[in-house]
Amino acid sequence: MRPEAPLLYDAYDRPIGVSSVPKPSGALLIDGRHVADTVQCVHCNGHFVMRAGSGITRGWCRNCGGAVCGPSCAACNPFERKIDELERATRLTMWA
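Counting the sequence shown from 1 gives a position; this note's numbering is that position plus 614.
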């Protein structure tokens, strides 16, 4: 039940602007039942579950404007850039 307050709510019935957790990118299903929402890392494109107080270090890339899965992905190398580099290398080897 929603409290009587002048708040806006998102599609997941959470107050907008109150939580610092990004919008979910996917869902974790076990035996067809929704267990948790996942967030996608902007650098490695991997999915992870954000849990407050878990002790796992996560981050936010200010350059990309998205969640980062951990210290191993802290250096800003967006997944889109990796794809562009792979396509460029493939084009160079095709014409060589």
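We put the CB at the ideal spot given by N, CA and C, even for glycine.
Of the candidates Asp651, Gly640, Cys658 and Pro638, Cys658 places its Cα closest to the Cα of asparagine 691. In this chain, histidine 657 is not harboured by any beta strand (DSSP E), its DSSP state being neither H nor E.
Boundaries of the beta strand (DSSP E) around cysteine 675: 673–675.
Rounded to the nearest angstrom, the Cβ distance from cysteine 683 to glycine 667 is 17 Å, too far for a contact under 8 Å. Apart from the 5 residues on each side of it in sequence, threonine 652 sits with its Cβ closer than 7 Å to the Cβ of Pro638, Ser639, Gly640, Ala641, Leu642, His661, Phe662 and Val663 in its chain, given in chain order.
Among the bridge pairs identified by DSSP, isoleucine 670 is matched with none.
Here the alpha carbon of glycine 680 sits roughly 9 Å from the alpha carbon of glycine 673. The straight-line gap separating the alpha-carbon atoms of threonine 707 and threonine 671 is approximately 39 Å.
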